[in-house]
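This report concerns only the one structure given below.
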Amino acid sequence: MPVPPPRYPALPPLSEAQITSLLRRANTVAERARSLGRHPFGAILVGPDGHTVLAEQGNVDTVNHAESVLARTAALNYSPEVLWQCTLVTTAEPCAMCAATQYWANIGRVVYGMTEHRLLELTGDASENPTMNLPCRDVFARGQKPIEVIGPVAAMEEDIAALHRGFWHREHGA
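To convert, note that position 66 of the sequence shown is 66 in full-length UniProt numbering; the numbers rise steadily by one, no gaps.
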């Protein structure tokens, strides 16, 4: 009797060069969000080939984070089987809401540049970004799917952090 394919097949590996290039693209999306007066977060959805960008999303507001909006939109446009082979690339570690949305959308991997802890150092007590001390790995570990997590990526942290410096305190009165 033939063996059925695994329910959650392993994703092909990404090289360091791919990861850096994809994070640069997500950071460009975050720059665009900031230029529009939105929070400087950016996310992209990368197809199964590890190169093709299927969608990109900047932050909308305090409730509609880049990652969660992107995951919801992706779930409307792609099958769970395709999404399992995709990678969500985001500038900052997904918060609990975004990690859970990615989990339910069935996106098999996340790559992030900067930790939520580092983000908290930059935002302080800004009311528009009350970070939670809940790493995305902990959120995924509570589920039944083996979501792969790559991050933080030290080579990109400074570029990502630069977009947040000054944004939360001068521009938003936090």
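Where is the CB? At the ideal position from N, CA and C, for every residue including glycine.
Query raised in the report: For Y112, which of helix, strand or coil comes out of DSSP?
Result: The sequence position of residue 112 within the sequence shown is 112, counting from 1. Of the three classes helix, strand and coil, the one that applies to Y112 here is strand, per DSSP.
Query raised in the report: Can you name, in chain order, every residue of its own chain whose Cβ lies under 8 Å from the Cβ of A141, other than the five neighbours on each side?
Result: Against the sequence shown, residue 141 aligns to sequence position 141. So no residue of the chain qualifies.
Query raised in the report: How should S68 be labelled, buried or exposed, when 16 other C-beta atoms within 10 angstroms of its C-beta is the threshold for buried?
Result: Translated into positions along the sequence shown, residue 68 becomes position 68. Flag for S68 reads buried.
Requested in this report: State the beta-bridge partners of G58 as determined by DSSP.
Outcome: Within the sequence shown, numbered from 1, the residue matching residue 58 stands at position 58. Paired residue(s): G42.
Requested in this report: Look at the alpha carbon of G124 and the alpha carbon of M114, and state the distance between them as a whole number of angstroms.
Outcome: What you label residue 124 is simply residue 124 of the sequence shown in a count that begins at 1. What you label residue 114 is simply residue 114 of the sequence shown in a count that begins at 1. About 15 Å.
Query raised in the report: Apart from the five residues just before and just after I160, which ones in its own chain have a Cβ nearer than 8 Å to its Cβ?
Result: The sequence position of residue 160 within the sequence shown is 160, counting from 1. Correct list, in chain order: L23, N27, A30, T91, A92, G113 and M114.
Query raised in the report: Who does V153 pair with in a DSSP beta bridge?
Result: Taking the sequence shown and counting its residues from 1, one reaches residue 153 at position 153. Answer by DSSP bridge pairing: none, since V153 is not bridged.
Requested in this report: State the Cα-Cα distance for the pair Y78 and H169, rounded to the nearest angstrom.
Outcome: By 1-based counting over the sequence shown, the position of residue 78 is 78. By 1-based counting over the sequence shown, the position of residue 169 is 169. Distance between the alpha carbons of Y78 and H169: 39 Å.
**Report entry** Where the beta strand (DSSP E) containing T52 begins and where it ends
**Finding:** Residue 52 sits at position 52 when you count from the first residue of the sequence shown. First-last for T52: undefined, no H or E at that position.
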